[in-house]
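See structure below.
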Ligand SMILES: *Cc1c(COP(=O)(O)O)cnc(C)c1O
């Protein structure tokens, strides 16, 4: 048995998006609501944290330490999970403290996390390591939650998410022909990729890269999926051709809102009342919209957009002109 704490609201619903499908000329479009995983506004990191926190508990840790961007959803969800299970939480954030905290950053403080500001991104690894050593020197028992929750333990969350989807058979009694989602640190895609192999999903996965060149993300996902597979027995190898990544929508850089994200976020909101986030799902949806318009998808294809959360960032200063 793989140790796991159960605190996510699962299974997350799958809903049809008929009005949006009609607008985009897609025959069947669905959404998997992992923005509804339950804890502190939810998101995809909650699934990973079920396994990471079980490991932290097993190791006798009392403090969770992780790192991310100022508006990191991962950091907010880690802070919430820490509070829920009685861990202290230290977050190492890129950049300088803003004058006023908003959105995810405001929630980090509300959830009781201690913030360490790393300045430039190139210093973050060093400051994270120093923070970890300092916690030990202070007599704490720290556990390092990896960036984005993406290591073999965290990726387990999405291995089992694929099993969950297969049991739901959500698209007119069948699994979807294709699953589209935002991909960044690779744990979601690695977990889904391995889950597809283990639980017999025969459709296609398509990760829309949020901030990484295609080749680099493919290599990371393939390696992480293979490493994660060892938890189920023998290591399974994945070729790069099996890891579908589209990096055509990340040229503006991480977290930079362009007209494409703005249009996609508005389109989802106004045709289905469905809120995306500006950084991840907004970018993935921009890709979905563009690909649909270019006729990339098959005439009969059922498509599932896997919503990975992140909506608190809608309230960040940086996205006020959404
Ligand atoms: C972290 C995150 C992702 C990316 O997931 P990875 O497993 O890091 O690839 C996608 N969407 C949202 C909202 C996220 O917070």
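Residue numbers (the numbering used here): 27 to 348.
For glycine and all other residues, C-beta sits at the position ideal for the given N, C-alpha and C.
Only a predicted model underlies this, so the values are computations on that prediction, with no experimental measurement involved.
- Contact holds between the segment 68-83 and the segment 106-125, because three or more Cβ pairs, one in each stretch, are under 8 Å apart.
- DSSP places residue 29 in the coil class of the three-state scheme, outside both helix and strand.
- Look at the segment 62-97 and you find these whole runs of alpha helix (DSSP H), each 4 residues long or longer: 71-84.
- Judged by DSSP secondary structure, residue 114 falls within the beta strand (DSSP E) whose first and last residues are 114-119.
- Within the same chain, 128 come within 6 Å of residue 343 by CB-CB distance, once the 5 residues on both sides are set aside.
- Residue 188 counts as buried, since at least 16 other C-beta atoms from the protein chains shown sit within 10 angstroms of its C-beta.
- In its chain, beyond the 5 residues on either side, 201, 202, 203, 204 and 205 have a beta carbon closer than 7 Å to the beta carbon of residue 229.
- The C-alpha of residue 120 lies about 44 Å from the C-alpha of residue 325.
- Per DSSP, reduced to three states, the secondary structure at residue 123 is coil, with no helix or strand assignment.
- Note on residue 277: under 16 other CB atoms within 10 angstroms of its CB, so exposed under the neighbour-count rule.
- At a Cβ-Cβ threshold of 8 Å, residue 46 and residue 207 do not count as neighbours.
- A Cβ-Cβ separation of about 18 Å leaves residue 75 out of contact with residue 97 under the 8 Å criterion.
- Secondary structure in the segment 136-168: the beta strand (DSSP E) runs of 3 residues or longer, each lying completely within the stretch, are 140-143 in chain order.
- In this structure residue 248 is in contact with residue 266, their Cβ atoms being roughly 6 Å apart against a cut-off of 8 Å.
- Of the heavy atoms belonging to ligand 1, at least one sits nearer than 7 Å to the Cβ of residue 214.
- A distance criterion of 7 Å places the beta-carbon of residue 58 beyond contact range of ligand 1, judged by its closest non-hydrogen atom.
- Here residue 138 has 109 as same chain residues with Cβ atoms under 6 Å from its own Cβ, once five neighbours each way along the sequence are excluded.
- Short note on residue 308: C-beta not closer than 7 Å to any heavy atom of ligand 1.
- The straight-line gap separating the alpha-carbon atoms of residue 285 and residue 309 is approximately 10 Å.
- Taking 7 Å as the cut-off, the C-beta of residue 208 counts as close to a heavy atom of ligand 1.
- Residue 217 sits close to residue 181, with the two beta carbons spaced by under 8 Å.
- Between residue 305 and residue 236, the beta carbon gap of about 7 Å places them in contact (Cβ cut-off 8 Å).
- Listed in chain order, the non-local C-beta contacts of residue 337 below 8 Å within the same chain comprise 61, 67, 301, 302 and 303, local neighbours out to five positions each way being set aside.
- With fewer than 16 neighbouring CB atoms inside 10 Å of its own CB, residue 152 falls in the exposed class.
- Between residue 173 and residue 222, the CB-CB gap reaches or exceeds 8 Å.
- Annotation for residue 346: no beta strand (DSSP E) segment contains it, and DSSP assigns it neither H nor E.
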